[in-house]
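Visitor:
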Amino acid sequence: MIMENNINFISYGMRNIQKLKLKFLPIEFSIIKLKLNSKLPNWILKCDLYFISKSDTSVSVLCPSKYIPKKYYSIDKWNGFKIDGNFPFSAVGILQSVIAPLAVNKISILTFSTFETDYIFVQKRNLDKSINVLSKHFALDTIYKIAKAKKHFNDGKKLFLQYANSLNYDLCFQNFDKELKSIDKEYNNPNGALILAYKNKLAIGCVGIRKFSNKTAELKRMFVQKKYRGNKIGQTMLELALDISNELNYKKIRLDTLPSMKKAHKLYRDNGFVEIPSYRFNPIKGTIFMQKYLSDKKVKK
Numbered sequence: 006m007i008m009e010n011n012i013n014f015i016s017y018g019m020r021n022i023q024k025l026k027l028k029f030l031p032i033e034f035s036i037i038k039l040k041l042n043s044k045l046p047n048w049i050l051k052c053d054l055y056f057i058s059k060s061d062t063s064v065s066v067l068c069p070s071k072y073i074p075k076k077y078y079s080i081d082k083w084n085g086f087k088i089d090g091n092f093p094f095s096a097v098g099i100l101q102s103v104i105a106p107l108a109v110n111k112i113s114i115l116t117f118s119t120f121e122t123d124y125i126f127v128q129k130r131n132l133d134k135s136i137n138v139l140s141k142h143f144a145l146d147t148i149y150k151i152a153k154a155k156k157h158f159n160d161g162k163k164l165f166l167q168y169a170n171s172l173n174y175d176l177c178f179q180n181f182d183k184e185l186k187s188i189d190k191e192y193n194n195p196n197g198a199l200i201l202a203y204k205n206k207l208a209i210g211c212v213g214i215r216k217f218s219n220k221t222a223e224l225k226r227m228f229v230q231k232k233y234r235g236n237k238i239g240q241t242m243l244e245l246a247l248d249i250s251n252e253l254n255y256k257k258i259r260l261d262t263l264p265s266m267k268k269a270h271k272l273y274r275d276n277g278f279v280e281i282p283s284y285r286f287n288p289i290k291g292t293i294f295m296q297k298y299l300s301d302k303k304v305k306k
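Everything in the sequence shown is counted per this note's numbering, starting at 6 for the first residue and increasing by one.
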C-alpha cells in the first residue's frame with residue numbers, strides 16, 4: 006500500500022503496482038452529445054479510438070477532436086493515458102491506483118474501461134500537471150509536447166544541433182545559425198510549431214513546422230535519438246505535425262530529405278507524401294523533395 010496525503014492507493018499487489026506503465030495518447034479528444042436513439046455518424050466509426058456512454062436522455066461520445074465536424078458542439082479538450090497491459094477481471098485496484106494521485110492534486114478526470122484495460126483522460130489545461138504527478142508513481146511512455154515555454158525551445162535547439170551533427174555536411178547553406186536563434190518565432194504560433202518527444206523527462210525527438218507560403222507549410226528537422234528509433238516515435242510526431250498544419254489552415258506541406266535516409270523516405274510515403282520537383286536550393290546530390298495535400302487525411306499505418 007502506498008500512502009500520500011492520507012489517501013490509500015489500494016493495488017492488486019505492491020510488486021505489480023510498481024510495474025504499471027502508462028501509455029500517453031498524443032492526440033486531443035473532445036466530447037460531443039448526440040440525441041437519444043440517433044444513428045451513430047459514419048465519421049465516428051472511422052476514428053481509431055472512441056468511447057460511447059448512453060443515459061436515458063442522451064448519448065455522449067469521446068473521440069479525437071480532429072475528426073469532429075464543425076457542426077457538432079464539443080466540450081473541452083482532453084488528453085489520455087492508457088494503462089499498458091492486459092489485466093484479468095480478478096485484478097483489484099488498478100484504476101484506483103492511477104486515479105488517486107490525480108485526485109490528491111485536484112485534477113479532474115474521465116475514465117473508460119475496455120475488455121483489456123483502462124483509459125484515463127485529463128483536461129488539456131491540466132496535462133503538464135498530470136504528467137508531473139503520474140511520473141512520480143508510474144513508468145510513463147513517450148510524452149509529446151508542443152513547444153510553448155523557453156525550456157521547450159531550448160530542448161528543441163539541442164535536438165536541432167544533434168540532428169545537424171549527425172549529418173556529414175554543413176547546414177550553413179540553410180542559414181542554420183539564424184534558424185536556431187529564431188526557433189521560438191519560426192516554429193511557433195501563428196505560422197508554425199515545434200513538436201518534442203520526451204522520455205523520462207528528457208527530450209529525445211523533434212520535428213518542426215514552419216511557414217513556406219500562405220497555403221504551404223514546410224516540415225523540418227525530423228529527428229529521433231538513435232537509441233530510441235524503431236518505436237514509432239517519428240510516426241507519431243509526423244501525425245501530430247500533419248494535424249497541426251491542418252489546424253493552422255495550410256493546404257499542403259512539403260519537405261526535403263537526403264538520399265541516404267531510406268527509412269525516412271518510407272515513413273513519408275506511407276503517410277501520403279509524393280515526390281515533387283526541387284522547390285529550394287540544396288547542394289546535396291540526390292536530395293528528394295516531397296509534398297502532401299493536407300485534405301488527404303488517409304494515413305497508412
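For glycine and all other residues, C-beta sits at the position ideal for the given N, C-alpha and C. For clarity, every value in this text was computed on a predicted model and none was experimentally measured.
In chain order, what residues of the same chain have a beta carbon less than 6 Å from the beta carbon of Ala269, not counting five sequence neighbours either side?
Guide: The residues are Thr262.
Visitor: Would the beta-carbon of Asn224 fall within 8 Å of that of Lys257?
Guide: In the sequence as displayed, the identity of residue 224 is Leu instead of Asn. Contact flag unset, no.
Visitor: For a minimum of 4 consecutive residues, which ranges assigned as the alpha helix (DSSP H) are wholly contained in the region 180 to 219?
Guide: Taking only runs of at least 4 residues, the alpha helix (DSSP H) segments lying wholly in the region 180 to 219 are 181 to 186, 188 to 191.
Visitor: Quick check: what's the CA-CA separation for Ser364 versus Ile289?
Guide: Nothing can be reported for residue 364, as the shown portion of the chain is limited to 6 through 306.
Visitor: Does the region 233 to 248 come close enough to the region 139 to 151 to have 3 or more Cβ pairs within less than 8 Å?
Guide: As far as the Cβ criterion goes, the region 233 to 248 touches the region 139 to 151, which means the pair count is three or higher.
Visitor: Using beta-carbon positions only, say whether Tyr233 and Ile200 come within less than 8 Å of one another.
Guide: No, they are not a contact pair.
Visitor: Return the first residue and the last residue of the beta strand (DSSP E) that Lys152 is part of.
Guide: For the record, residue 152 in the displayed sequence is Ala; it is not Lys. That residue, Ala152, is in no beta strand (DSSP E); it is neither H nor E in DSSP.
Visitor: Grab me the residues of Ser70's own chain with a C-beta within less than 8 Å of its C-beta, minus the 5 sequence neighbours each way, in chain order.
Guide: The residues are Ile32, Glu33, Phe34, Ser35, Ser79, Lys82.
Visitor: Could you have a look at Asp53 and say whether DSSP puts it in helix, strand or coil?
Guide: Coil.
Visitor: Excluding sequence positions up to five away, which residues of its chain have a Cβ less than 7 Å from the Cβ of Tyr77?
Guide: Same-chain partners within the cutoff: Ile37.
Visitor: Mark Tyr174 as exposed unless 16 or more other C-beta atoms lie within 10 angstroms of its C-beta, in which case mark it buried.
Guide: Burial call: exposed.
Visitor: Return the bridge partner residues of Glu280 from the DSSP annotation.
Guide: Its beta-bridge partners are Met295.
Visitor: Do you know how far the Cα of Thr122 is from the Cα of Val97?
Guide: So the two alpha carbons sit approximately 12 Å from each other.
Visitor: For the region 184 to 200 against the region 133 to 148, are there 3 or more C-beta pairs whose distance is under 8 Å?
Guide: Too few Cβ pairs lie closer than 8 Å, so no.
Visitor: Please classify Val66: is it buried, with 16 or more other beta-carbons within 10 angstroms of its beta-carbon, or exposed?
Guide: So Val66 counts as buried.
Visitor: Of all the options Lys156, Gln179, Val229, Arg215, which has the alpha carbon lying nearest to the alpha carbon of Asn251?
Guide: When only C-alpha atoms are compared, the closest one is Arg215.
Visitor: Compute the beta-carbon to beta-carbon distance between Ile114 and Ile125, rounded to the nearest angstrom, for a pair I have assumed lies under 8 Å.
Guide: Right, their Cβ atoms sit about 6 Å apart.
Visitor: Are Val64 and Leu50 closer than 8 Å when you measure CB to CB?
Guide: No.
Visitor: Out of Glu191, Val229, Leu253, Ala202, which has the shortest C-alpha to C-alpha gap to Ser171?
Guide: Checking every option, the nearest Cα to that of Ser171 belongs to Val229.
Visitor: Would you mind sorting Pro74 into buried or exposed? The rule is 16 or more other CB atoms within 10 Å of its CB.
Guide: Exposed.
Visitor: Starting from the Cα of Arg259, find the closest Cα among Lys267, Ile238, Lys271, Arg285 and give me that residue.
Guide: The shortest C-alpha separation from Arg259 is found at Arg285.
Visitor: Expressed to the nearest angstrom, what Euclidean distance is found between the alpha-carbon atoms of Asn236 and Asp61?
Guide: Between Asn236 and Asp61, the C-alpha separation is close to 43 Å.
Visitor: Compute the Euclidean distance between the alpha carbons of Thr221 and Gly197, then round it to the nearest angstrom.
Guide: Thr221 and Gly197: Cα-Cα distance of roughly 11 Å.
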